[in-house]
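For reference, the structure is listed below as structure tokens.
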Amino acid sequence: MTARAVTEATFEQEVLNNEKAVLVDFWAEWCGPCRAVSPILDQIATEHADKLDIVKINVDENPQLAMKYQITAIPAFKVFEKGEVVKTVIGAKPKPALEADLAAYIS
Numbered sequence: 001m002t003a004r005a006v007t008e009a010t011f012e013q014e015v016l017n018n019e020k021a022v023l024v025d026f027w028a029e030w031c032g033p034c035r036a037v038s039p040i041l042d043q044i045a046t047e048h049a050d051k052l053d054i055v056k057i058n059v060d061e062n063p064q065l066a067m068k069y070q071i072t073a074i075p076a077f078k079v080f081e082k083g084e085v086v087k088t089v090i091g092a093k094p095k096p097a098l099e100a101d102l103a104a105y106i107s
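Per UniProt numbering, the sequence shown starts with residue 1, numbered consecutively.
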């Protein structure tokens, strides 16, 4: 299980209507920290697939979603539950720090 790409067309189905909590990674191809944190997100997605879905949104390809969720710096992570944003994390972090931020959703 790895973080999968979501677009404006699939966002409602994949994120807002998801039964599980969903971590949305707002990223861009040119963003070094975004690329650095990507394998960490894939590991968390694999290890906690039963509790948390992880999806990626390319802000360059999906500017409407980036604007709607007020993404002004990347990487930015938003956790959604039942269609609502319940947590925001800004910036690339090592795996233990990200897992600590997500403890309420993965433990």
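Yeah, the Cβ is synthetic: ideal placement off N, Cα and C, and Gly gets one too. Note that the structure is a prediction, hence the values are computed from the model and not measured.
Among the options, whose alpha-carbon lies nearest the alpha-carbon of residue i?
i: Glu84; options: Ala92, Arg35, Phe11, Val37; result: Phe11
i: Gly32; options: Asn17, Pro75, Glu14, Val55; result: Pro75
i: Val15; options: Lys82, Pro96, Pro94, Glu99; result: Lys82
i: Ala28; options: Asn18, Gln13, Ala73; result: Ala73
i: Val79; options: Ala9, Tyr105, Asn62, Gln70; result: Tyr105
i: residue 108; options: Asn18, Asn62, Cys34; result: Any property of residue 108 remains undetermined from this structure, which presents the chain solely from 1 to 107.
Looking only at its own chain, which residues have a Cβ that is under 6 Å from the Cβ of residue i, when we skip the five neighbours before and after it?
i: Thr2; result: Asp42, Ala45
i: Ile54; result: Ala3, Leu23, Leu41, Ala45
i: Glu47; result: none
i: Val6; result: Glu14, Val55, Ile57
Mind reading off the beta-carbon distance from residue i to residue j? Whole number of angstroms is fine, and I expect it under 8 Å.
i: Val22; j: Ile57; result: Incorrect: roughly 11 Å between the Cβ atoms, too far for contact.
Spatial neighbours of residue i within its chain, please: CB distance less than 7 Å, with the 5 preceding and 5 following residues excluded, ordered by chain position.
i: Ala66; result: Phe26, Val59
i: Lys20; result: Lys51, Leu52, Asp53
Residue range of the alpha helix (DSSP H) that residue i falls in?
i: Asp101; result: 95-101
i: Ala66; result: 63-68
i: Val37; result: 32-47
Using beta-carbon positions only, say whether residue i and residue j come within less than 9 Å of one another.
i: Val86; j: Asp101; result: no
i: Val37; j: Ala103; result: no
i: Gln70; j: Glu8; result: no
The beta strand (DSSP E) spanning residue i covers which residue range?
i: Thr88; result: 84-90
i: Asn58; result: 52-58
i: residue 171; result: Nothing can be reported for residue 171: it is not among the residues displayed for the chain, which extend from 1 to 107.
i: Leu23; result: 21-27
Whose C-beta lies closer than 8 Å to the C-beta of residue i among residues of the same chain, with five residues either side of it excluded?
i: Pro94; result: Ile40
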